[in-house]
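Encoded as structure tokens, the structure appears first; notes follow it.
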Amino acid sequence: MKVKYFAWVRERIGKAEETIEPPAEVRTVGELIDWLARRDDAYAYAFEKPKVIRAAIDQAHVQQDAAIYGAREIAFFPPMTGG
Amino acid sequence: MTAIATIRIQEADFDVAQEIAAIGKGRADIGAVVSFTGICRGSENGEPIAALTLEHYPGMAEAEIRRHAEEAMSRWPLSGLTVIHRVGRITPGENIVLVVTASQHRQAAFHAAEFLMDYLKTSAPFWKREESARGSSWIEARDQDDAAAARWTKS
Chain A
2 MKVKYFAWVR ERIGKAEETI EPPAEVRTVG ELIDWLARRD DAYAYAFEKP
52 KVIRAAIDQA HVQQDAAIYG AREIAFFPPM TGG
Chain B
130 MTAIATIRIQ EADFDVAQEI AAIGKGRADI GAVVSFTGIC RGSENGEPIA
180 ALTLEHYPGM AEAEIRRHAE EAMSRWPLSG LTVIHRVGRI TPGENIVLVV
230 TASQHRQAAF HAAEFLMDYL KTSAPFWKRE ESARGSSWIE ARDQDDAAAA
280 RWTKS
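First to last, the protein sequences are chains A and B.
For the first sequence, the residue numbers in my numbering are 2 to 84.
For the second sequence, the residue numbers in my numbering are 130 to 284.
Put into structure tokens, the structure is as follows:
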């Protein structure tokens, strides 16, 4: 699946998007955050406060207990500050 | 005549008067037009800023604004609705966002404009980064914006 990062999540990880293949036991958005955070220091820094991170699946907001099965695109970003 | 929502995300500035004129062009059923313009302030928490840079999630930003525009049109009897949000680098005094709502009567237009702005602040995927003498940093979301959006879900 494709993963996109925005704002300081993108800056901390050092890339705007990538394709990942998490193992089958990673079932929810929250579990995916934990899995990504274990990759290296940059991911750990981006996801150091997992509760702050907002997520979207296929361009719609989701909670961290949402299932990732079948998702084409998952995005992680900080709370929004537009308007 | 049914309401049409015009939604644009763009780097270029917009002309407020032109957008207000466009929403009522050729129709005589509109009795009220409300417009809100969000402008880049020259200071944040008492400190001067040089510019804001707005990042967005292409695709989702349009979809989120459209979802809330449709909700506004289902909640209030609107004749027209325009939302324009700029992205990229914006300097103090420049426009950031425009919401224009048109209706037969003012109350629907006022309420819908406020509803849309409250939701744009908290659920449209845009992020502001500010540049100042101290460097640049991401602006943090404010609890009062969440509270402003939450009041529309109370019955």
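For glycine and all other residues, C-beta sits at the position ideal for the given N, C-alpha and C.
Open item on the list: Could you check whether the Cβ of VAL226/B sits closer than 7 Å to any Cβ belonging to chain A?
Closed with: The residue labelled residue 226/B in the question sits at position 97 within the second sequence. At least one chain A Cβ lies under 7 Å of VAL226/B.
Open item on the list: Whole angstroms are fine: how far does the CA of ILE21/A sit from the CA of ARG73/A?
Closed with: Looking up residue 73/A in the first sequence gives position 72. Looking up residue 21/A in the first sequence gives position 20. So the two alpha carbons sit approximately 11 Å from each other.
Open item on the list: Which residues of the segment 40-61 of chain A have a Cβ closer than 7 Å to any Cβ of chain B? Give them in chain order.
Closed with: ALA57, GLN60
- [ ] Quick one: grab the DSSP three-state call for THR251/B.
- [x] Working through the second sequence from its first residue, we reach residue 251/B at position 122. Here THR251/B sits in helix by DSSP.
Open item on the list: Under 8 Å, with one C-beta from each stretch per pair, do the segment 63-71 of chain A and the segment 168-177 of chain B reach the 3-pair mark?
Closed with: no
Open item on the list: Excluding the 5 residues flanking VAL145/B on each side, which residues of the same chain have their C-beta closer than 7 Å to its C-beta?
Closed with: Here residue 145/B corresponds to residue number 16 of the second sequence, with the count starting at 1. Excluding sequence neighbours, VAL145/B sits near SER164, THR166, LEU227.
Task: Residue of VAL162/B, ALA279/B, GLN273/B minimising C-alpha distance to THR211/B - done: Stepping through the second sequence from its first residue, residue 211/B is reached at position 82. That would be VAL162/B, whose Cα lies nearest to the Cα of THR211/B.
Open item on the list: Between PHE255/B and chain A, is the shortest Cβ-Cβ distance under 7 Å, so that the two count as touching?
Closed with: Taking the second sequence and counting its residues from 1, one reaches residue 255/B at position 126. For PHE255/B, the answer is yes, since a Cβ of chain A falls inside 7 Å of its Cβ.
Open item on the list: Under 8 Å: do the segment 5-18 of chain A and the segment 47-56 of chain A share three or more Cβ pairs, one atom per stretch?
Closed with: yes
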